[in-house]
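J.: Right, I'll just put the structure down here and ask away after.
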Ligand SMILES: Nc1ncnc2c1ncn2[C@@H]1O[C@H](COP(=O)(O)OP(=O)(O)OP(=O)(O)O)[C@@H](O)[C@H]1O
Ligand SMILES: [Mg+2]
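Chains as they are written, first to last, in our numbering: chain A, 345 to 846; chain B, 405 to 732.
Now the structure itself:
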């Protein structure tokens, strides 16, 4: 193998945090103009490896070669100078500035007298965008643009700094389907221009669509690196999870749905804001209801209205035949409704607080003794939740921010299931979750339903939606346009067409 | 691959030497206690001939910091909730004035109630404007700072209001409980209740969660508007008690009592390790923050610095301590 082809080579990288090893002797290389997928379970160390390449963390041992030369990367500036660009998962843009101002932040072109030449930066931003073959107005304020444009701006920012390698950590997590497709096409074009891309994703279809080679990490160790033509999807899944899992995404008919008696939840003519219009449906005990629809079709808004976050303008909600007023999350929780929100970092967790404190937050009533909280009881309860949901956490009293993405999601789910709700609404419950955990979460959903609870699942991943739902509601423009029993849905394509409203 | 393996991965399971253990020890959290001890020892040696260590002087330090300690306990809640209350100093002033006036008119109990009413009213207005109208607490309480002190000056025509009721004066600051000065007992009570409520009750957790991530707290079913209202109410009430402590100690109500205390209280809270961005709070830390400020004031006076020099040295020490305590 000719090392000169490698734009980046990381050799025998080891890293531990507070004595807990996270990467053990990992080697990784990227060739010019390739898309290299980096895969592995939650907490396998993918993000950590990339943060070392970006200069956010320093390795304890090992070396990094850029273009064949050993290079010390001790800061983000070093990484930029070495031609490594990052499309941040949490975007690093300043919302109050324009696209062009963001792209040239801290590298503004200067005009006469050392003043910033805004016109030059707009012109150069246009050049970058036209090279990317995308249409973005450099003068637009970032705050008013959607996430897809934020991402394009991030990419343009990296390219304007002459990045040769772009790191993308779960870039499609916040994109709609057609936006993801546009991103894939952009990646193809960048590749043709000789730019290398390191692509982290938990979605197998994306990896197959884009990548030339794949590297799998498991528990901080390098497992394999191979061209995608040499490995089967089954081998990859097995490599990531460490065991064979079969049929995780196939639907298993369950007949626990109680068709007799009052429905658990009945919604009549619900209106809320602009995005929920005249919605009516029923949810029976033991039923899993899937909500399908494009981005902006009102799925999340419906969930928010049912949980009392958004104001209900008109309509009725009945729980077990009783009319209820879900005017606030407190009321919803008291009525036995729980919502697992779509954005775990912003809505699900207090990132700086410990895993234990996060888990106990909705359960404080359960660990009270008189007016005071019982510390020992709290510790016990959180330990049992951690165990039950197999959260991978070294110290429950350390900030939840330090957990990997998938484990953070498990904490959010565990926190809510600890309250033992009757109706559980999950908004994109498997975003950023690895394949093994995903099948665990889907099993958990099935189990809950079998125990007589009602579950509403929102997901943009059709295979997953089809794997669990007993019935699928299709939303468009805030209204339910179809109500399809699972048995009538032949395949993904059928659902896709239904969602498009064909 | 090449044989250019340069570094063997460090065996992370190997016994760690003392250096790494020391490095990983989270000493920043204890900086306030370390700082307190260092400053104390420094003055103890430097000022041994000026009577720094005499029991009387030490009690004096406690006495002088009592009101700041009490105010800072309330402020800890506000800051841990990611808000700020700049009106506490003037609320103390207004409360001292109202107490004194009601006391001379109607007697002991109405006097105390009048003082508490000041905290109740101002705290509720602050809380309502912040939580219901969503106005930043910085602006609301900055406005209230002016209003409260203005009202206090107005209704007294800037004149001090003497308090001749001995029971009140004994109870609020001038007297002793056995051998212990009353002010020390007052601060101990506030610190104890404040610490238990913040660490060991549902309300305390909800304050920290609201300050740490308001969105997530809201999604968890916490009424964050109510929490914000409550912390500002608490801060107002606590400040009004501090005002009565001024009134009792100085046996009069005056609009100047407490002026500038908001800054000392904020400094004490931040020195004590509470995050200015919310989400974390330590009442015991706040106590030591307040004591450290009191210690410095006392030491500098004994050292014979004039008040302009005192201000400079005090400011420098506070900046230094906060710089040491900051997160990496
Ligand atoms: N700053 C840190 N301090 C302590 N532990 C950390 C820190 N950053 C990461 N970790 C731990 O290192 C391990 C690897 O985390 P990393 O984020 O690299 O995983 P990942 O492969 O990106 O997972 P995911 O797919 O869930 O995003 C996790 O167990 C995590 O808890
Ligand atoms: Mg990650």
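A virtual CB, placed ideally from N, CA and C, is assigned to each residue, including glycine. For clarity, every value in this text was computed on a predicted model and none was experimentally measured.
1) Quick one, which of 787/A, 743/A, 726/A, 493/A has its alpha-carbon nearest residue 516/A's?
2) Can you look up residue 470/A in the DSSP assignment and give me helix, strand or coil?
3) Given a threshold of 16 other Cβ atoms within 10 Å of its Cβ, counted over all protein chains shown, does residue 694/A qualify as buried or as exposed?
4) Which runs of the beta strand (DSSP E) at least 3 residues long sit entirely within the region 668-741 of chain A? Give them in chain order.
5) For ligand 1, is there a heavy atom less than 7 Å away from the beta-carbon of residue 358/A?
6) Inspect the beta-carbon positions of residue 559/B and residue 507/B and report whether they are closer than 8 Å.
7) For residue 692/A, go through chain B and note every residue whose CB falls closer than 8 Å to its CB, in chain order.
8) Is any beta-carbon of chain A found at less than 8 Å from that of residue 616/B?
9) Do the region 628-641 of chain B and the region 519-539 of chain B make contact, defined as three or more Cβ pairs closer than 8 Å?
10) Residues in the region 740-756 of chain A with C-beta within 7 Å of chain B's C-beta atoms, listed in sequence order?
11) Along chain B, which residues have their Cβ under 8 Å away from the Cβ of residue 695/A?
12) Looking at the C-beta of residue 337/A, does it have a partner C-beta in chain B at a distance below 8 Å?
13) What does DSSP give as the partner residue(s) for residue 565/B in the beta ladder?
14) Measure from the C-beta of residue 691/B to each C-beta in chain A and report whether the shortest distance is under 8 Å.
15) Check for me: the alpha helix (DSSP H) holding residue 526/A runs from which residue to which?
16) Are the C-beta of residue 710/A and some C-beta of chain B separated by less than 8 Å?
17) Can you give me, in chain order, the residues of the region 683-717 of chain B that have a beta carbon less than 8 Å from any beta carbon in chain A?
18) Buried or exposed for residue 678/A, please, with buried defined as at least 16 other CB atoms from any protein chain shown within 10 angstroms of its CB.
19) Taking Cβ positions only, does residue 439/A come closer than 8 Å to chain B?
20) Does the distance between the C-beta of residue 702/A and the nearest non-hydrogen atom of ligand 1 fall short of 7 Å?
21) For residue 677/A, go through chain B and note every residue whose CB falls closer than 7 Å to its CB, in chain order.
22) Ordered along the chain, which non-local residues of its own chain (more than five positions away) have a Cβ less than 7 Å from that of residue 631/B?
23) Whose CB is closer than 5 Å to a heavy atom of ligand 1? List the residues in chain order.
24) Quick one: using the 10 Å Cβ neighbour count with 16 as the cut-off for buried, is residue 449/B buried or exposed?
25) Would you mind giving the Cβ-Cβ distance between residue 569/B and residue 690/A, rounded to the nearest angstrom? I have them listed as a contact below 8 Å.
26) Report the neighbours of residue 717/A on chain B: residues whose CB is nearer than 9 Å to its CB, in chain order.
27) Leaving out five residues before and five after residue 514/A in sequence, what residues of the same chain have Cβ atoms less than 8 Å from its Cβ?
28) For residue 622/B, name the three-state secondary structure that DSSP assigns.
29) Please check if any C-beta of chain A sits within less than 8 Å of the C-beta of residue 596/B.
30) Since residue 606/B and residue 717/A should fall inside the 8 Å C-beta cutoff, what is the C-beta to C-beta distance between them, to a whole number of angstroms?
31) Using the Cβ count rule (16 or more neighbours within 10 Å means buried), how would you classify residue 444/A?
32) Helix or strand or just coil, what does DSSP make of residue 658/A?
33) By how many angstroms is the C-alpha of residue 355/A removed from the C-alpha of residue 405/B?
34) Taking only heavy atoms of ligand 2 into account, decide whether any of them is closer than 7 Å to the Cβ of residue 563/A.
35) Do residue 696/B and residue 474/B have their C-beta atoms within less than 8 Å of each other?
36) Closest Cβ-Cβ distance between residue 829/A and chain B: below 8 Å?
T.: Per the coordinate set shown:
1) 493/A
2) helix
3) buried
4) 681-684
5) no
6) no
7) 620, 623
8) yes
9) yes
10) none
11) 616, 617
12) Beyond the ends of chain A as shown, which are 345 and 846, falls residue 337/A; an answer cannot be given.
13) 657/B
14) no
15) 521-536
16) no
17) 683, 684
18) exposed
19) no
20) no
21) 625
22) 485, 610, 611, 614
23) 361/A, 366/A, 386/A, 387/A, 388/A, 389/A, 390/A, 391/A, 392/A, 746/A, 747/A, 748/A, 749/A, 750/A
24) exposed
25) With a Cβ gap of about 55 Å, residue 569/B and residue 690/A do not count as contacting.
26) 603, 604, 605, 606, 608, 609
27) 433, 544, 545, 546, 749, 776
28) helix
29) no
30) 7 Å
31) buried
32) strand
33) Interpretation of residue 405/B is limited by its pLDDT of 38, a score under 50 that renders its predicted location unreliable; the figure taken from the coordinates is listed afterwards. For residue 405/B and residue 355/A, the distance between alpha carbons rounds to 10 Å.
34) no
35) no
36) no
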